[in-house]
Every structure is written in C-alpha cells, then in structure tokens.
Amino acid sequence: MALTCKPVTPARWKDLETLFEGNGVCRGCWCMWNRLPSADYKAGYGAGNKKAMKNLVKAGKTPGVLAYDGKTPVGWAAVGPRSEYRRLDASRILKPVDARETWATPCFYTAKEARGKGVTVTLLKAAAAHAKRKGARLIEGYPVDTRGKKAPAAFVWWGLAPAFKKTGFKEVLRRSKTRPIMRKAL
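Residue numbers (our numbering): 1 to 186.
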C-alpha cells in the first residue's frame with residue numbers, strides 16, 4: 001500500500017462518510033464517544049453523532065486525519081487537544097497524568113481490507129505531525145496492550161501499544177494492566 005494521510009476538512013467530509021458508513025464503523029459512534037457526555041452520546045447515536053461530527057468538520061475543527069490508499073480512504077485517527085475529549089478526564093484509568101497541556105489521539109479505525117498493513121502507524125505519524133503544525137508540544141494516546149494476543153478489531157479502537165512504540169511514543173503511566181498512557185514530545 002502507498003499510504004498518504006490528510007486532515008479531515010469540509011472538502012474531505014465525503015471521504016470520512018464513505019469510510020465510516022461503508023464499513024459499518026461502530027454503527028453510529030462517529031467518533032463522538034470520547035467527546036460527549038454519556039447521555040448526549042446515547043441520544044445522538046447514529047444520525048445525531050454523525051451530525052455532531054459533521055458540525056465539527058464544517059466549523060474547521062479538523063477532528064482527525066484520514067489515511068488513503070491512492071484515492072480510497074482506508075483509515076481514521078481522531079486527534080485534537082485533550083480538553084476536547086471530555087470522557088478522558090472522568091476515567092479513573094485515563095484521567096490526566098499531570099497538568100501539562102497535551103493533544104490526544106484516542107480513536108482509530110482501519111477498513112477491514114487494509115488491516116495488518118501499517119495503517120495505524122502511518123496515522124499516528126500523521127496525527128503527531130498535524131498536532132505539531134497546530135502548535136502542540138506533546139501528544140498522548142491510550143492504546144490497548146494485548147500482550148501479544150490477538151484481539152477483535154472492535155475492542156482495539158484505542159490503537160495497539162506496539163504501533164505507538166514504533167512511532168516514538170513512550171509509556172508514562174499505567175493504571176491498568178492493559179491500558180498504558182503513552183506520550184510523545186513534538
């Protein structure tokens with residue numbers, strides 16, 4: 001695969017829509033789970049969450065990056081200031097490590113036909129580069145550490161620890177056996 005990555009902009013909305021709808025990605029999440037309080041997320045599940053994501057894109061927020069194989073969108077990584085992901089602060093496992101301002105990349109999706117081909121690593125590099133262009137000095141992620149065991153794709157939307165390690169992220173804290181918090185200086 002010859003992968004390229006681009007930020008999600010209004011001009012690329014159709015590509016995100018194609019990736020998410022064409023592959024049944026989480027049947028209505030639209031990558032809003034970490035952004036919204038539980039009640040709002042559940043109330044908007046499906047069309048409401050899609051509209052919320054589209055509104056972010058239309059407002060110029062650039063909530064993530066897309067990976068392309070040629071002109072075909074094959075992957076997604078959410079990226080933005082950690083403060084935009086409200087649920088992280090409420091999590092006992094993923095609450096802030098310290099008071100440093102950081103960006104986060106808490107969600108990934110790779111189309112089934114592109115899995116196992118380095119898409120997440122490419123997306124992580126692009127997410128970090130995007131954050132740096134926007135002025136971030138630090139980025140963190142919350143991957144799943146499967147400890148070498150195979151896990152269903154539906155359970156590793158946070159990304160996998162080896163992909164983060166390959167792209168220079170370092171573990172800074174672990175409050176759970178399988179959930180490290182990993183950071184990279186930009």
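Glycine included, C-beta positions come from ideal geometry on N, C-alpha and C.
Going by alpha carbons, who is nearest to Arg35 out of Thr62, Glu21, Leu88? The residue with the shortest Cα to Cα distance from Arg35 is Leu88.
Return the bridge partner residues of Pro96 from the DSSP annotation. Pro96 pairs with nothing; no bridge assigned.
For Pro73 versus Thr18, is the C-beta spacing smaller than 8 Å? yes
Where do the N-terminal and C-terminal ends of the alpha helix (DSSP H) with Pro162 fall, by residue? 161-166
Give the range of the beta strand (DSSP E) segment to which Arg174 is assigned. 170-174
Residue environment, Asn55, which counts as buried when at least 16 other CB atoms sit within 10 Å: exposed
Grouping DSSP H, G and I as helix and E and B as strand, with all else coil, what is Pro63? coil
Reduced DSSP secondary structure (H/G/I, E/B, other) of Met53: helix
Mind the definition here: the segment 149-167 touches the segment 79-87 only if three or more C-beta pairs lie below 8 Å; say whether that holds. Segments in contact, no.
My output table needs one value for Glu84: the three-state DSSP class, helix, strand or coil. helix
Just to confirm before moving on: does the CB-CB distance between Cys31 and Ala126 stay below 8 Å? No. Outside cutoff.
Burial state of Gly60 (16 or more Cβ within 10 Å): When all chains shown are included, Gly60 counts as exposed.
Three or more C-beta pairs under 8 Å: does that hold for the segment 94-109 against the segment 133-142? yes
Which partner residues of Glu140 appear in the DSSP bridge assignment? Ala104, Arg183
Ala77, enclosing beta strand (DSSP E) - first and last residue: 72-78
With Asp145 and Thr178 assumed to form a contact (beta carbons below 8 Å), what rounded beta-carbon distance in angstroms separates them? 5 Å
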